[in-house]
Each structure stands twice: as C-alpha cells, then as structure tokens.
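Asker: Residue numbers for the sequence shown follow the working numbering, beginning at 1 and rising by one.
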Amino acid sequence: MPRDERAYLADIIDSCDAIAVAVSGLELKDYETNRLVRSSVEREFIIIGEAMAALSHVVQSTFDSITRARRIVDFRNQLTHEYPTVDNALVWAIIKHDVPLLRKESMALIGLTVESDEEG
Numbered sequence: 001m002p003r004d005e006r007a008y009l010a011d012i013i014d015s016c017d018a019i020a021v022a023v024s025g026l027e028l029k030d031y032e033t034n035r036l037v038r039s040s041v042e043r044e045f046i047i048i049g050e051a052m053a054a055l056s057h058v059v060q061s062t063f064d065s066i067t068r069a070r071r072i073v074d075f076r077n078q079l080t081h082e083y084p085t086v087d088n089a090l091v092w093a094i095i096k097h098d099v100p101l102l103r104k105e106s107m108a109l110i111g112l113t114v115e116s117d118e119e120g
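1) Using only the alpha-carbon positions, how far apart do Pro100 and Ile94 sit?
2) Which residue's Cα is closest to the Cα of Leu90: Ala51, Leu28 and Ile47?
3) Sort Ile48, Asn88, Val58 and His97 by Cα distance to Val73 and report the nearest one.
4) By the three-class DSSP mapping on this structure, what secondary structure does Asn34 have?
5) Are Cys16 and Arg103 close, meaning C-beta to C-beta below 9 Å?
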C-alpha cells in the first residue's frame with residue numbers, strides 16, 4: 001500500500017531537522033573539512049529528493065506547491081549519480097537558504113505551524 005502525502009512530508013521535515021542538527025555550530029570551512037558531516041547531510045538531501053519524487057506521483061498538486069520541487073529532485077540525482085561534481089559551497093547555501101523554506105512549506109502542507117512544532 002502506498003504511503004500518503006503526509007508521510008512523505010514528515011520525512012522531508014525530519015530530514016530538514018537532521019540537516020540542521022548536523023551543521024549546528026559549523027561554518028562552511030568546517031563543513032568542507034568534515035567528511036562525516038557532509039555524508040550525513042548529503043544522505044538527508046537524498047531522502048528529501050526521494051520523498052519529493054514520490055510526492056510527484058502521489059499528489060502532484062502538493063509537489064507543485066513546494067518551491068523548487070523539481071530542482072530538489074534534480075539535486076538528489078546529482079548527489080547520487082554525479083557526486084564528484086558536488087560543490088560544497090552550493091550545498092552550504094542550500095542548507096542555509098532553502099532548507100528552512102522547505103521545512104516551513106512542508107509543515108504548512110502537513111497542517112502544522114512552526115510555532116506549534118517548537119512548543120512540542
């Protein structure tokens with residue numbers, strides 16, 4: 001039985017949170033020199049990309065409502081298949097600018113607010 005959209009959105013939120021924890025207190029130079037952190041973050045981005053791809057098949061309107069949804073899936077493909085070309089500075093920029101927006105949009109789509117999540 002296929003999962004519903006809330007399950008995929010929850011996976012995205014969980015991965016966004018895991019990325020935030022992994023890079024907490026780090027700067028770009030720290031990220032670039034820590035293979036374990038980079039691997040962890042890239043794995044979470046792969047999960048996000050897989051969940052987004054699944055959303056495109058389960059509920060296209062939800063997929064379409066997420067900023068840069070297609071680029072998220074494409075980024076997953078780059079991390080998986082073109083790993084030698086991954087630009088750490090680009091990944092860092094995505095972490096800092098796009099992950100918070102993705103989390104916020106996913107929270108809204110799942111029916112949660114940022115405030116209620118922080119209280120719990």
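From the three backbone atoms N, C-alpha and C, an ideal C-beta is built for every residue, glycine too. Treat the numbers as computed from the prediction; the structure is a model and nothing was measured.
Answerer: To lay it out plainly:
1) In a straight line, the C-alpha of Pro100 is about 9 Å away from that of Ile94.
2) The alpha carbon of Leu90 has as its nearest neighbour, out of Ala51, Leu28 and Ile47, the alpha carbon of Leu28.
3) Closest option to Val73, judged by alpha-carbon separation, among Ile48, Asn88, Val58 and His97: Ile48.
4) In the structure shown, Asn34 sits in coil (DSSP, three-state: anything other than H, G, I, E or B).
5) Cys16 places its beta carbon less than 9 Å from that of Arg103.
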